[in-house]
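Under this note's numbering, think of the first position of the sequence shown as 32, with each following residue one higher.
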Amino acid sequence: MFLERFIQYIKFEKRYSPHTVTAYRADLEQFMAFLTAGTPADHPSEITHHDIRNWIVSLMDDKLAARSVNRKVATLRKYFRFLLQEGVIEINPAAKVNTPKIPKTLPVVVEDVKLTQMLDSDDIFTIDFKGTRDKLVIELLFGTGMRLAELLGIKEADINAHEQTIKVLGKRNKERIIPVNKELSLLLKEYITLKKNENFDNKSLRLIVTDKGADAYPKLIYLIVQKYLSYISTQSKKSPHVLRHTFATTLLNNGADLNSIKELLGHANLSATQIYTHNSVERLKSIYKLAHPKA
């Protein structure tokens, strides 16, 4: 009962995305199942910080990554904060629970020069609908830094060919306008023409569609990205987010300021964007070691 009230709250009042709502529900149901396996609580007020700590230990024993554990604990904190506001409980048992430290890792990127050469090549992408669509997917992710969910959500009506911009719906249903370069604008026009010529039975309003004209889905985009990044990179991680990281790092390396990158990425605060400065520092270190006699 309380869980469903919380789900309705984040879905309709907070307007979280369907993906986020699903993740919150899964986390809470997993925690409730853990409690039921032990000594079940009849009421949320009976849940203690010891229960949450035991759950964390259980998750760590199952080799769950620290980042994933912290996300689940964040879900609990938000849930119990909601119950506190509703007067269901008097103390938030998750408030003072310590979470595992997350090891610092640099964003994974690919070499922008190799990526640009691949996109400019005449031998990689076929000139039919499928090849043009695949190229557009890579160009959009690398050329705008948009998220996977944002890419899948783009409609043809969101493209302003005259202004050379695309409107995307980001996290928390926040809209933002992303500029596109002239080359990408021409590719968009070419793709839309090819898409219309396919005469799909399914007239999807989405920009990116499958070979049969249905709305594109996450797995399809992953497969496209993995296929083409394999031409230029041997690293194991080849995902849409790698192209987002590459977009941000490339801008920073070429003199863009952090606030501008923050706006383009749709970050809520600057701290999320600052992680890309570490990549630039590491790049400078490598250049120094190669170029300076005292390095």
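C-beta: ideal position from N, C-alpha, C; glycine also.
Rounded to whole angstroms, what's the CA-CA distance from residue 110 to residue 151? Just pull it up for me.
49 Å
Compute the distance between the beta-carbons of residue 131 and residue 100, then report whether it is under 8 Å.
yes
As an exercise, report each continuous beta strand (DSSP E) stretch of at least 3 residues that is fully enclosed by the stretch 115-201, in chain order.
196-200
Would you mind working out which of 294, 64 and 279 sits nearest residue 139, comparing C-alpha positions?
279
Ignore the nearest five residues each way along the sequence and tell me which others in residue 114's own chain have a CB closer than 6 Å to its CB.
75 and 120
Report yes or no: do the stretch 208-223 and the stretch 252-262 share at least 3 C-beta pairs separated by less than 8 Å?
no
Looking at residue 304 and residue 293, is the spacing between their C-beta atoms short of 8 Å?
yes
6 Å Cβ shell around residue 239 - same chain, five flanking residues per side excluded
247
Taking the straight line between their C-alpha atoms, what separation do you get for residue 186 and residue 236?
6 Å
From the DSSP output, which residues share a beta bridge with residue 246?
240
Residue range of the beta strand (DSSP E) that residue 208 falls in?
206-210
8 Å is my cut-off, CB to CB: does residue 158 come that close to chain C?
Of the protein chains in this structure there is only one, and it is not chain C.
Closest to residue 96 by CA distance: which of 136, 222, 68 and 154 is it?
136
My assumption, with CB atoms under 8 Å, is that residue 251 sits in contact with residue 219. Please give the rounded CB distance.
Not quite, the Cβ-Cβ distance comes to about 18 Å (not below 8 Å), so this is no contact.
Looking only at C-alpha atoms, which of 233, 226, 38 and 291 sits nearest to residue 175?
291
Beta-carbon within less than 8 Å of residue 52's beta-carbon, same chain only, minus the 5 sequence neighbours each way: which residues are those?
38, 41 and 42
Where the alpha helix (DSSP H) containing residue 81 begins and where it ends:
80-92
Measure the alpha-carbon distance for residue 202 versus residue 182 and round it to whole angstroms.
12 Å
Using CA atoms only, rank isn't needed, just tell me which of 281, 205 and 243 is closest to residue 309.
281
Between the Cα of residue 122 and the Cα atoms of 307, 79 and 265, which residue gives the shortest distance?
79
Let's test the definition: count the other Cβ atoms within 10 Å of the Cβ of residue 267 and tell me whether it reaches 16, buried, or not, exposed.
exposed
Would you mind reading off the limits of the alpha helix (DSSP H) that contains residue 39?
33-39
Rounded straight-line distance, which links the Cα of residue 54 to that of residue 180:
15 Å
Checking 8 Å against the spacing of the C-beta atoms, do residue 364 and residue 141 come in under that value?
The displayed coordinates of the chain run from 32 to 326. Any statement about residue 364 would go beyond what the structure contains.
The alpha helix (DSSP H) enclosing residue 77, as first and last residue numbers
Careful: residue 77 lies outside any alpha helix (DSSP H) and carries neither H nor E.
For residue 192, the nearest candidate out of 65, 276, 223 and 249 (CA to CA):
223
What three-state label does DSSP hand residue 113 in the structure shown?
helix
Pairwise C-alpha distance: residue 62 and residue 68
10 Å
Need the endpoints of the alpha helix (DSSP H) that residue 56 sits in, please.
49-68
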